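Undergrad:
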Amino acid sequence: MNAAAYFVHAMAEENSEIARGLRRRDPDLLDRLIEQYQHRLLRYLLHLTGNPAMAEDLFQETWVRVLERGSHYDGRHEFSTWLFAVARHLFIDSTRRKHHASLDGMLDDNRPIEIPATGQPSAFDLTAQRELSERVTDGLTHLVAEYREALVLRFQEGLSLEEIAVVTGAPLGTVKSRIYRGLNALQPYLKGAQA
Amino acid sequence: MTGNVHERAQALIALGDAQLVSAADRTWLNRHIEECPACRDYASNTSDVIHALRSLPVAASSALVAATQLRVRLRAQELQRGQERLWLVWISCVLVTSSAGLTTLLAWRSWEWLGQRLQISNLTWQVCFVLIWMAPVLIGSLLLLARGTHLAEHTGTWEG
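In structure tokens, the structure reads:
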């Protein structure tokens, strides 16, 4: 068995193990998953909602929903793909309650995303990188919600195009188009940083 | 045509890691980037954007994680208790159904014996049995129905 096949087999085995644990509603497994996926899920929710308080509420709701509906996870996809899909559905439900039908309802909503500071120490050699990150964060706030979501899932969470299609329920071509357009829309902000 | 070439190159750059672009596409893209300053700039900028996106600092606080874990554990216990209650309800239903079946059978035999002893016709004791055996259920149903109607009327008054 070569390395790639071994890796795929190991991942499939891990996903099956997670699926079995979720069916049992194993609290220890859930504790481990919460710790493992905490940053990725919160980052996704922050970019999706643009609101730290709402993101934190949805973060908790998502894990409760994972507990309740864990038997729906069949282990065929990556757990993270399913987790993001659950979070996305909860977000849409909550925005629907506020009279938005879907993410489309947020297309013109250009609220700034408030990313909480992580309290990392400042260092001279990180200044340029930080400035670039700030510009990109600023750019993200001005993106259409679907583009923002696609970029976050692709480049921050490292999901494949197929996985993004599963999470968002959009066709593969649409996902590609969103990433391409989203990156194009971010380019002017980067130029601002370089000027 | 030229515009299409640049668009194709930029689309490949945007989606471009090993799993997305074939070897032939990659060779073509590399050659194009060497020849085209605009696409080279685009590739460089895109790489910077992707790098910046990957390094955006967002971290969940330990308090949030702890609160979530606690909430999930409490909910798990609640679901566990609900599951146990459901089992009890199922077991009770099975026991009640079995006992009702057995009792009905015994009562039927007793009435049959009594009917023969008192020399009552089969039809008479059977009708009496059904009426008496069913009476509590019928009365209970009528009372529940009346109560339901009463509640519906009451709710309607409040809403109105």
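Order-wise, the sequence lines are chains C and L.
Under the numbering used here, think of the first position of the first sequence as 1, with each following residue one higher.
Under the numbering used here, think of the first position of the second sequence as 1001, with each following residue one higher.
In this text, a Cβ means the ideal position worked out from N, Cα and C, and glycines have one as well.
For clarity, every value in this text was computed on a predicted model and none was experimentally measured.
#1: Taking all protein chains shown into account, decide if residue 1046/L is buried (16 or more other Cβ within 10 angstroms of its Cβ) or exposed.
#2: Name the two residues that bound the continuous alpha helix (DSSP H) containing residue 27/C.
#3: If you reduce the DSSP assignment to three classes, tell me which class residue 184/C lands in.
#4: To the nearest whole angstrom, what separates the beta carbons of residue 43/C and residue 156/C, a pair I think is in contact under 8 Å?
#5: Is residue 1005/L close to chain C? Criterion is C-beta to C-beta, closer than 8 Å.
#6: In chain L, which residues lie less than 7 Å from residue 56/C when you measure between Cβ atoms?
#7: Mind checking the segment 32-61 of chain C against chain L and listing, in chain order, the residues whose C-beta falls within less than 7 Å of any C-beta there?
#8: Does residue 176/C come out as helix, strand or coil in the three-state DSSP assignment?
#9: Run through DSSP, which three-state label would residue 69/C get?
#10: When you compare only the Cα positions, how much space is there between residue 55/C and residue 1052/L?
#11: Answer with buried or exposed for residue 1023/L, where buried requires no fewer than 16 other C-beta atoms within 10 angstroms of its C-beta.
#12: How long is the line joining the alpha carbons of residue 182/C and residue 15/C, rounded to whole angstroms?
#13: Could you tell me whether the Cβ atoms of residue 74/C and residue 19/C are closer together than 8 Å?
#14: With H, G and I counted as helix, E and B as strand and the rest as coil, what does DSSP make of residue 157/C?
#15: Where do the ends of the alpha helix (DSSP H) carrying residue 142/C lie?
#16: Could you spell out where the alpha helix (DSSP H) holding residue 1060/L opens and where it closes?
#17: Which whole-angstrom value describes the C-beta separation of residue 1107/L and residue 1133/L, a residue pair presumed to lie in contact below a C-beta threshold of 8 Å?
#18: Residue 150/C and residue 179/C - do their beta-carbons sit closer together than 8 Å?
#19: Could you tell me if residue 1149/L is buried or exposed, where buried requires 16 or more neighbouring beta carbons within 10 angstroms of its beta carbon?
#20: Can you tell me where the alpha helix (DSSP H) with residue 93/C in it begins and where it stops?
#21: Report the option in 23/C, 161/C, 142/C, 2/C whose CA atom is closest to the CA atom of residue 188/C.
TA: Taking the definition as stated:
#1: buried
#2: 27-49
#3: helix
#4: 6 Å
#5: no
#6: 1064
#7: 34, 35, 38, 39, 42, 43, 46, 56, 59, 60
#8: helix
#9: coil
#10: 22 Å
#11: exposed
#12: 31 Å
#13: yes
#14: coil
#15: No alpha helix (DSSP H) contains residue 142/C, which DSSP labels as neither H nor E.
#16: Neither: residue 1060/L is in no alpha helix (DSSP H) and is coded neither H nor E.
#17: 7 Å
#18: yes
#19: exposed
#20: 79-97
#21: 142/C
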